[in-house]
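Engineer:
2 protein chains.
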Amino acid sequence: MVGAGQLARMTHQAAIGLGQSLRILAVGPEESAALVGADVVLGDHTSYDDLRRFAAGCDVVTWDHEHVPQEHIRRLAAEGHSALPCADALIFAQDKQLMRGRVEKLGIGVPEWAPVSTVDDVDSFAGKHGWPVVLKGVTGGYDGRGVWVLPDVVAVEPVVSQGIALLAERHVAMISELAAVVARSPYGQVAVWPVVETVQRDGICVEVLAPAPGLDEGTATTAQQMAIRLATGLDVVGVLAVELFRTEDGLLVNELAMRPHNSAHWTIEGSRTSQFEQHLRAVLDYPLGDTRMTAPAVAMANVLGGPVDGPGIDERLHHLMARWPAAKVHLYGKRVRPGRKIGHVTVLGEDVAEVRAGAAAAAAYLAGTGSSP
Amino acid sequence: MVGAGQLARMTHQAAIGLGQSLRILAVGPEESAALVGADVVLGDHTSYDDLRRFAAGCDVVTWDHEHVPQEHIRRLAAEGHSALPCADALIFAQDKQLMRGRVEKLGIGVPEWAPVSTVDDVDSFAGKHGWPVVLKGVTGGYDGRGVWVLPDVVAVEPVVSQGIALLAERHVAMISELAAVVARSPYGQVAVWPVVETVQRDGICVEVLAPAPGLDEGTATTAQQMAIRLATGLDVVGVLAVELFRTEDGLLVNELAMRPHNSAHWTIEGSRTSQFEQHLRAVLDYPLGDTRMTAPAVAMANVLGGPVDGPGIDERLHHLMARWPAAKVHLYGKRVRPGRKIGHVTVLGEDVAEVRAGAAAAAAYLAGTGSSP
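Heads up: the sequence lines are chains A and B, in that order.
Going letter by letter, the first sequence gives residues 964 to 1336 in the working numbering.
Going letter by letter, the second sequence gives residues 964 to 1336 in the working numbering.
1. For the stretch 1222-1235 of chain A, list every residue whose C-beta sits within 9 Å of some C-beta in chain B, in sequence order.
2. Tell me, to the nearest whole angstrom, how far the beta carbon of Val-1023 (chain B) is from that of Leu-1247 (chain B); I am working on the premise that it is less than 8 Å.
3. Across which residues does DSSP place Asp-1002 (chain A) in a beta bridge pair?
4. Beta carbons nearer than 7 Å to chain A: which residues of the stretch 1281-1293 of chain B have them?
5. Report the partner residues of Met-1137 (chain B) according to the DSSP bridge assignment.
6. With a CB to CB cut of under 7 Å and the five nearest residues on each side skipped, what residues in its chain are close to Pro-1176 (chain B)?
7. Can a CB atom of chain B be found closer than 7 Å to the CB of Gly-1000 (chain A)?
8. For Gly-1196 (chain A) and Leu-1005 (chain B), I'd like the C-alpha separation in whole angstroms.
9. Cutting at 6 Å between CB atoms, please list the residues of its own chain near His-1035 (chain B), excluding the five before and the five after it.
10. From Arg-1192 (chain B) to Ala-1204 (chain B), what does the alpha carbon distance come to, in whole angstroms?
11. Exposed or buried, Lys-1091 (chain A), counting other C-beta atoms within 10 Å across all chains shown (16 or more means buried)?
12. Got a sec? Which residues, its chain only, sit under 6 Å from Gly-1269 (chain B) by beta carbon, not counting five neighbours each side?
13. Which of helix, strand or coil does DSSP assign to Leu-981 (chain B)?
14. Just grab the DSSP bridge partners of Arg-1164 (chain A) for me.
15. Which residue spans inside the stretch 1184-1267 of chain B form an unbroken beta strand (DSSP E) run of at least 3?
16. Closer than 7 Å by beta-carbon distance: list the chain A residues that pair up with Ser-984 (chain B), in chain order.
17. Is there a Cβ of chain B sitting closer than 7 Å to that of Pro-1250 (chain A), yes or no?
18. Comparing C-alpha positions only, which one of B:Thr-1081, B:Asp-1115 and B:Asp-1058 sits nearest to Pro-1095 (chain B)?
19. May I ask you to report which of helix, strand or coil DSSP gives Lys-1297 (chain B)?
20. Report buried or exposed for Lys-1068 (chain B), applying the criterion of at least 16 other Cβ atoms within 10 angstroms of its Cβ.
21. Tell me which residues of the stretch 1031-1042 of chain B have at least one Cβ-Cβ distance to chain A shorter than 7 Å, keeping chain order.
22. For Ala-1183 (chain B), collect the residues of the same chain with a Cβ closer than 6 Å to its Cβ; drop the 5 residues on either side in sequence, then sort them by chain order.
23. Taking only three categories from DSSP, how would you classify His-1307 (chain B)?
24. Check whether the Cβ of Thr-1257 (chain A) lies closer than 7 Å to any Cβ atom in chain B.
25. Using the C-alpha atoms, what's the distance from Thr-1230 (chain A) back to His-1224 (chain B)?
26. Which word fits Gln-983 (chain B), buried or exposed, when buried means at least 16 other C-beta atoms lie within 10 angstroms of its C-beta?
27. I need the straight-line Cα distance from Glu-1211 (chain B) to Ala-1322 (chain A), nearest angstrom please.
28. On the DSSP bridge assignment, give the partners of Gly-1312 (chain A) in chain order.
29. Identify whether Gly-1109 (chain B) lies in helix, strand or coil by the three-state DSSP scheme.
30. Compute the Euclidean distance between the alpha carbons of Gln-1238 (chain B) and Gly-980 (chain A), then round it to the nearest angstrom.
31. Assess contact between the stretch 1295-1303 of chain A and the stretch 995-1003 of chain A, defined as three or more Cβ pairs (one per stretch) separated by less than 8 Å. Is contact present?
32. Could you tell me which chain A residues have their CB closer than 8 Å to the CB of Gln-976 (chain B), listed as they occur along the chain?
33. Is there a C-beta anywhere in chain B that falls below 7 Å from the one on Asp-1086 (chain A)?
34. Kindly indicate which three-state DSSP category Leu-1129 (chain A) falls into: helix, strand or coil?
35. Residues of chain A with CB closer than 9 Å to the CB of Arg-1244 (chain B), please, in chain order.
36. Look at Glu-994 (chain A) and Ala-967 (chain A) and say whether their C-beta atoms are less than 7 Å apart.
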């Protein structure tokens, strides 16, 4: 796996059970997955030499993030490596403009959008679709970075003057944000998890609720079918996460990720097959696992780095375990920075409001931003 | 963790989630846990120099097996290391004779037994308790090794002539074998899992059924209470597995293990807190986790190495996943030897007969000893 963040870290856990040996390409030895992996290669994922050295001897190469250049992925494949998902698929998780065009061609809705490069372009887009306007960097954004919600034309100049490729998107009036996550194997088997609601704060996912509360079965099935059509239509191998806006007029695709995704961390305990195991099964061309839930309601809350003063994480973990013995804690071995994802907490139960409250309180307490248990 | 078998391997998986860094003392780089660990020290657990080098910088030292000499554990503690469970507790998992004496003193039953060293000793024991007689090596046995069921006096000589310390035990007429597994923290918190039935073949555990089918609640509670009394009475810190014979006259202790144990592998998916996480919580002095089951019935079947001809394990795994998508496979990265534990399979469901059949069939197929799916 190229990249050594928490996704690779949790993929290593799953690989151990499957009897697989996960090699990890890490930028540095202190990265999340590098701390726990048995076969860590240090190198730069933007260097083809490093990638080639890393890939030598691997049965399959896969990705923890979208930052590997297309030409490198193509060259790995040309040199005989099995690199999955392939460059032709991954481009749609790397380039938001190409993605939107392709998704529309597959007959699936996205919010109205247009490529923009000047203040006039944005103002003209707003003339059709109204303020606020959402601007997104075409490449490279994540966790709220590379996304700007602009209230009026005055706010446009500082963004367009950065000189990055941008697209404008209508600011959608949404009921909620959903995620439909699916895995697809090389010969086309698909397996989809129940559709979840994702709760964002400042552009960062803070909670995931499975199954999405109050979602009618028809809409849930539509979302799953969209994910399957996208995985098939884009020839994705591995996990595909489809972030969706639920609106009065139906479901619209927000973003795609072709790797294990924050919206499916709940599957570690909450589904018979976790997304990490499933991603490995898919890219290794094993049959896919059962995606049934293990409890009626599951909530996952991210632990976002809080203030660094106060009791240390070890003491907070101690209190959390005493107060919430059923909470499943996942720490990523990362240094605390305000707002950084340093772990997550999952709670299983019967009632969505109850598991949500438990997960959120435990995560906030662990972050140092919640009240004392 | 001293020792690098499958117990350390699965403990590493649990340590990753907790944000801990598990250092492993391995005899060789091909050992089960050494293949997946990030911090592997090669050395011999019977060498104090190796143990000291390994323990330097560890917050806590704990055990994957019972083979570390008592004097080394005492010396580690004397030199300021936190080594858990401590030597005074672990001795009762290392020495079957001391264990039996101590368990009886705690008012808990064991099968009638006596130390023996000659054919006459055994014949005299059989005069009181009848044939067959069970002989056990006082130290060092596991997985059926070090245990002999002798039908008559003629069979005694080859065993006593080995010159190892032996005890004779009455061959108990049992209804079933059970295991009560508990964890205990340094300040005395205990958490016990539901009592399970263990199914043995040729002295090796082949299946574990949770909860033990057909076990009345009174007996189950008694077994749990015995486990708690033993953990407390012997000052165990970490996981204690109490193997029990269920007889018409009540429960008798068979053996003790003070580490994660085969009889609780089912807890990885089948309980809110796995025995591996719980062992870490206990020895690290964190509060213990919730031991509730995640499904009404859980079965675990060991994958015992079968014939090495026929399709390879990778092909068998492929078929298994296609036929049993809900089966959870755990492979230990071990080379196949006939009868060797190379992995296990866990199945969760509603009905014990169904999950047992599924786990057994999947494990046998994976071993190469079962019929085609």
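Just so it is clear, CB atoms sit at the ideal spot from N, CA and C, and this is done for glycine as well.
Structural biologist: Looking at the coordinates:
1. Answer set for the stretch 1222-1235 of chain A: Ile-1231, Glu-1232 and Arg-1235.
2. Between Val-1023 (chain B) and Leu-1247 (chain B), the beta carbon gap of about 6 Å places them in contact (Cβ cut-off 8 Å).
3. The partner list for Asp-1002 (chain A) (beta bridge, DSSP) reads A:Arg-986.
4. Of all residues in the stretch 1281-1293 of chain B, the ones placed with a Cβ closer than 7 Å to any Cβ belonging to chain A are His-1281, Met-1284, Ala-1285, Pro-1288, Ala-1289, Val-1292 and His-1293, in chain order.
5. Partner(s): B:Thr-1210.
6. Excluding positions up to five away in sequence, the list reads Glu-1160 and Val-1315.
7. Judged by the 7 Å Cβ criterion, Gly-1000 (chain A) is in contact with chain B.
8. Approximately 49 Å between the Cα atoms of the pair.
9. Hits under 6 Å: Tyr-1011 and Leu-1014.
10. Near 12 Å, if we compare the C-alpha coordinates of Ala-1204 (chain B) and Arg-1192 (chain B).
11. Residue environment for Lys-1091 (chain A): exposed (fewer than 16 other C-beta atoms within 10 angstroms of its C-beta).
12. Only Ala-1330, Gly-1331 and Thr-1332 meet the Cβ criterion.
13. Coil, per DSSP.
14. Paired residues: A:Ile-1167.
15. Whole beta strand (DSSP E) segments, 3+ residues: 1201-1210, 1213-1220 and 1260-1267.
16. Neighbourhood of Ser-984 (chain B) in chain A, by CB distance below 7 Å: Leu-998, in chain order.
17. Chain B, which has a Cβ nearer than 7 Å to the Cβ of Pro-1250 (chain A), makes this yes.
18. A check of alpha carbon separations from Pro-1095 (chain B) across B:Thr-1081, B:Asp-1115 and B:Asp-1058 identifies B:Asp-1115 as the nearest.
19. Under the three-state reduction of DSSP, Lys-1297 (chain B) is assigned to coil, being neither helix nor strand.
20. When all chains shown are included, Lys-1068 (chain B) counts as exposed.
21. Residues: none.
22. The residues Val-1158, in chain order, have a CB closer than 6 Å to that of Ala-1183 (chain B) in the same chain once the five nearest residues on each side in sequence are set aside.
23. In the displayed model, His-1307 (chain B) falls within a strand according to three-state DSSP.
24. Residue contact check for Thr-1257 (chain A) against chain B: a CB pair falls below 7 Å.
25. Taken atom to atom, the span from the alpha-carbon of His-1224 (chain B) to that of Thr-1230 (chain A) is near 26 Å.
26. Looking at its Cβ environment, which holds 16 or more other Cβ atoms inside 10 Å, Gln-983 (chain B) is buried.
27. Taking the straight line joining both Cα atoms gives about 46 Å.
28. Note: Gly-1312 (chain A) sits in a beta bridge opposite A:Ala-1260.
29. Coil at Gly-1109 (chain B), not helix or strand.
30. Gln-1238 (chain B) and Gly-980 (chain A): Cα-Cα distance of roughly 15 Å.
31. Using a Cβ-Cβ distance cut-off of 8 Å, the stretch 1295-1303 of chain A and the stretch 995-1003 of chain A are in contact, since at least three pairs of beta carbons, one from each stretch, lie closer than that value.
32. For Gln-976 (chain B), the neighbours in chain A by C-beta distance under 8 Å run, in chain order, Gln-976, Ile-979 and Gly-980.
33. Not a single CB atom of chain B sits nearer than 7 Å to the CB of Asp-1086 (chain A).
34. Looking at Leu-1129 (chain A) - three-state DSSP - the assignment turns out to be strand.
35. The contacting residues are Met-1284.
36. Closer than 7 Å, so yes.
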